[in-house]
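To start, the structure under review is shown below, and the notes come after it.
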Amino acid sequence: PRKTILIATANAGMAAYFSRVRKDCRYVNMTVEYLRADSLEGLIKATGKARIAGKYAVAWAVFGLDDFGLAPADITAAEPLAESRKVKLGWTSPNLSMWLFLHLKPLNVYVDNSSSFDSALAKVFPGYEPTAEYLTNEGQDLHLRLFSSFSKAILNSSAYNKIAEKKNGIMATSFPLLYQDIKEYCGEADLSHNQKLLAK
């Protein structure tokens, strides 16, 4: 049997997004859960409990800094707890929209205003907002539309993380590491299948 992976999110929008990503996986061994935590510490502890209960090989606590009003230093401070609970931290600063924006364009300066990313994406995808309501209805194929730009997002995030590390001492997003695990545990996404879906 293949090893299983848990993605536990801090908000419903991220859960909706990664649930759509899950459907692209070659193997159905990824579970996405929205854990209603009120702090990063609470999310880590809840993810750790879910990891044990579900006997997952790897568990990710996924969040945006905006979810808990975090500063970059708060992530560094939480790493010992995450390590003790065998939980990996998947974050994006300030929110999911920043990660999605990197599929479209690079960032040459550090931006921590979520509304800037939200509005930029709304210009490309009318009606966009990083909510479960949008991502499960009007924007349910958003991940497919961004699929062909994934390698661009990885490249752009690498450059942007250097800018963020210089400013804050920590990456702006660890999502590339999260996607490495998704690929390792769940297999390559089916590009031809995705293109057929978009053609419908």
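In our numbering, the protein residues as written are 1456 to 1655. Backbone N, C-alpha and C define an ideal beta-carbon position, used for all residues, glycine too.
Sequence-distant residues of the same chain with beta carbon closer than 7 Å to residue i, five excluded per side
{"i": "serine 1552", "result": "Ser1569, Phe1572, Asp1573, Leu1576 and Pro1585"}
Span of the alpha helix (DSSP H), counted from its first residue to its last, around residue i
{"i": "lysine 1622", "result": "1605–1623"}
{"i": "phenylalanine 1523", "result": "1520–1523"}
{"i": "threonine 1502", "result": "1495–1509"}
{"i": "proline 1531", "result": "For clarity, residue 1531 is threonine in the given sequence; the question names proline instead. Note, threonine 1531: alpha helix (DSSP H), 1527–1539."}
{"i": "glycine 1722", "result": "For the chain, the structure presents residues 1456 to 1655; residue 1722 sits outside this window and is missing."}
Sequence-distant residues of the same chain with beta carbon closer than 6 Å to residue i, five excluded per side
{"i": "tyrosine 1511", "result": "Thr1459 and Leu1461"}
{"i": "alanine 1501", "result": "Leu1490 and Ala1492"}
Boundaries of the beta strand (DSSP E) in which residue i is found, first to last residue
{"i": "threonine 1486", "result": "1485–1489"}
{"i": "leucine 1562", "result": "Run containing leucine 1562: none; DSSP gives neither H nor E here."}
{"i": "alanine 1512", "result": "No beta strand (DSSP E) contains alanine 1512, which DSSP labels as neither H nor E."}
Beta-carbon proximity check, residue i vs residue j, cutoff 8 Å
{"i": "leucine 1633", "j": "glycine 1545", "result": "yes"}
{"i": "leucine 1520", "j": "tyrosine 1615", "result": "no"}
{"i": "lysine 1543", "j": "glycine 1503", "result": "no"}
{"i": "arginine 1457", "j": "glutamate 1643", "result": "no"}
{"i": "serine 1606", "j": "leucine 1559", "result": "no"}
{"i": "leucine 1599", "j": "leucine 1590", "result": "no"}
{"i": "isoleucine 1499", "j": "alanine 1533", "result": "yes"}
{"i": "alanine 1537", "j": "alanine 1516", "result": "yes"}
{"i": "phenylalanine 1473", "j": "tryptophan 1554", "result": "no"}
Any C-beta of chain D under 8 Å from that of residue i
{"i": "aspartate 1529", "result": "Absent from the structure is chain D; it holds one protein chain and no more."}
For residue j and residue i, the rounded distance between their alpha carbons
{"i": "asparagine 1623", "j": "alanine 1528", "result": "8 Å"}
{"i": "serine 1612", "j": "methionine 1626", "result": "9 Å"}
{"i": "serine 1548", "j": "aspartate 1567", "result": "7 Å"}
{"i": "leucine 1653", "j": "arginine 1475", "result": "The predicted position of leucine 1653 is uncertain, since its pLDDT is 44 and thus under 50; a value taken from the coordinates is nonetheless stated next. In a straight line, the C-alpha of leucine 1653 is about 14 Å away from that of arginine 1475."}
{"i": "alanine 1463", "j": "isoleucine 1618", "result": "27 Å"}
{"i": "leucine 1646", "j": "threonine 1628", "result": "Residue confidence is low: leucine 1646 scores 48 on pLDDT, short of 50, so the model does not pin down where it sits. Its coordinate-derived value is still stated next. If you take the alpha carbons of leucine 1646 and threonine 1628, they lie about 24 Å apart."}
Beta-carbon contacts of residue i that lie in its chain and below 8 Å, excluding the five residues immediately before and after
{"i": "lysine 1655", "result": "Summary for lysine 1655: the model assigns pLDDT 47, below 50, so the residue's position carries little reliability; its value from the coordinates is reported in the next sentence. Hits under 8 Å: none found."}
contact_flag[the segment 1466–1480, the segment 1581–1598] where n(CB pairs < 8 Å) is 3 or more: yes
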